[in-house]
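J.:
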Amino acid sequence: MKYYELNVAGLKRQLTLCPVTDDLYIAGFIMIGDPELSRECAKELLKKVPEYDYILTAETKGIPLAHEMAELNGDSKYFVARKGRKLYMSGVFECKVQSISTANTQTLYLDTADAELMKGKRILIADDVVSTGESAYALQELVKMAGGELVGICTVLAEGDAAYRPDVIYLEKLPLFDKDGNIIG
């Protein structure tokens, strides 16, 4: 098994290289279950992001980051776009997404009750990794449908070409790899 050593927010982590295709590998970055990593990354991102009213993230991997950012900033609420409709939802807005780390097309759902709270408010999108930008795009669409004002997209890691996007605020670049573990982008 091949690994990439990541240094982010003053911490080191070993990331397993995972195949996307025969010739393309990504480093698996998982914040879930690592409260120290989530907390330290949240602290560093809060120094870089614009003022906002609410944070929006996608289920599941962005939740620890959004939670820590909200906690550290004293926010009373943040929103999660869900991967499935839940019985407690009063209604939904939905948007399709095809992420590099997910095999199939998914749909993200935003509760209309949450959307009402977002209407006219400054919304910050937070996620663990932005790569192709598909998840961020879907979240942007949900913000637009809800009538919110997008003020930024923040992420711990910008993978591949995402590091060159002027609209993405990030802590570190995350390279792409070939099958031998060599950095290719």
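Here the sequence shown is numbered in the working numbering, starting from 1348 and rising by one per residue. We treat Cβ as the ideally placed atom computed from N, Cα and C, and that holds for glycine.
By the DSSP assignment, the alpha helix (DSSP H) with I1516 in it spans what residues?
T.: Indexing the sequence shown from 1 puts residue 1516 at position 169. Where I1516 is concerned, there is no enclosing alpha helix (DSSP H), although the beta strand (DSSP E) it sits in stretches over V1515 to L1521.
J.: What is the DSSP secondary structure of L1393, reduced to helix, strand or coil?
T.: The count along the sequence shown starts at 1 and reaches residue 1393 at position 46. Helix, per DSSP.
J.: On a CA-only basis, which of P1366, M1378, K1349 and Y1350 is nearest L1504? Give me that one, please.
T.: Reading the sequence shown from its first residue, position 157 is the one you call residue 1504. Checking every option, the nearest Cα to that of L1504 belongs to M1378.
J.: State the Cα-Cα distance for the pair I1530 and R1360, rounded to the nearest angstrom.
T.: Here residue 1530 refers to the residue found at position 183 of the sequence shown. Here residue 1360 refers to the residue found at position 13 of the sequence shown. Their Cα atoms are separated by approximately 17 Å.
J.: Grab me the residues of L1362's own chain with a C-beta within less than 7 Å of its C-beta, minus the 5 sequence neighbours each way, in chain order.
T.: The residue given as residue 1362 occupies position 15 in the sequence shown. The residues are Y1350, Y1351, L1353, A1374, G1375 and F1376.
J.: Take G1467 and list the residues in its own chain whose beta-carbon comes closer than 8 Å to its own, dropping the five residues that flank it on each side.
T.: Translated into the one-based positions of the sequence shown, residue 1467 becomes position 120. Contacts found: G1494, G1495 and E1496.
J.: Have a look at E1506 and Y1425 and give me their C-alpha separation to the nearest angstrom.
T.: Numbered from its first residue, the sequence shown carries residue 1506 at position 159. Numbered from its first residue, the sequence shown carries residue 1425 at position 78. Distance between the alpha carbons of E1506 and Y1425 is about 25 Å.
J.: When the Cα atoms are used, what is the spatial distance from M1436 to D1461?
T.: Along the sequence shown, read from residue 1 onward, the residue named residue 1436 stands at position 89. Along the sequence shown, read from residue 1 onward, the residue named residue 1461 stands at position 114. In a straight line, the C-alpha of M1436 is about 9 Å away from that of D1461.
J.: Is it buried or exposed for L1489, if we count other Cβ within 10 angstroms and need 16 for buried?
T.: For the purposes of this step, residue 1489 is identified with residue 142 of the sequence shown, where counting begins at 1. So L1489 ends up on the buried side.
J.: With respect to the beta strand (DSSP E) encompassing V1490, which residues constitute its N-terminal and C-terminal limits?
T.: For the purposes of this step, residue 1490 is taken as the residue at position 143 of the sequence shown. From DSSP, V1490 is part of no beta strand (DSSP E) but of the alpha helix (DSSP H) over E1481 to A1493.
J.: Mapping the DSSP letters down to three states, classify T1459 as helix, strand or coil.
T.: One-based indexing of the sequence shown puts residue 1459 at position 112. Helix at T1459.
J.: Give the straight-line distance between the Cα atoms of G1480 and K1520, rounded to the nearest whole angstrom.
T.: Counting from 1 along the sequence shown, the entry for residue 1480 is found at position 133. Counting from 1 along the sequence shown, the entry for residue 1520 is found at position 173. The alpha-carbon atoms of G1480 and K1520 are separated by roughly 14 Å.
J.: Could you pull the start and end residues of the alpha helix (DSSP H) that A1417 belongs to?
T.: Position 70 of the sequence shown, counted from the first residue, corresponds to residue 1417. It spans I1410 to N1420 - the alpha helix (DSSP H) in which A1417 sits, taken as one unbroken run.
J.: Return yes when the Cβ of L1471 is within less than 8 Å of the Cβ of Y1399, no when it is not.
T.: Your numbering for residue 1399 matches position 52 in the sequence shown. Your numbering for residue 1471 matches position 124 in the sequence shown. Contact flag set, yes.
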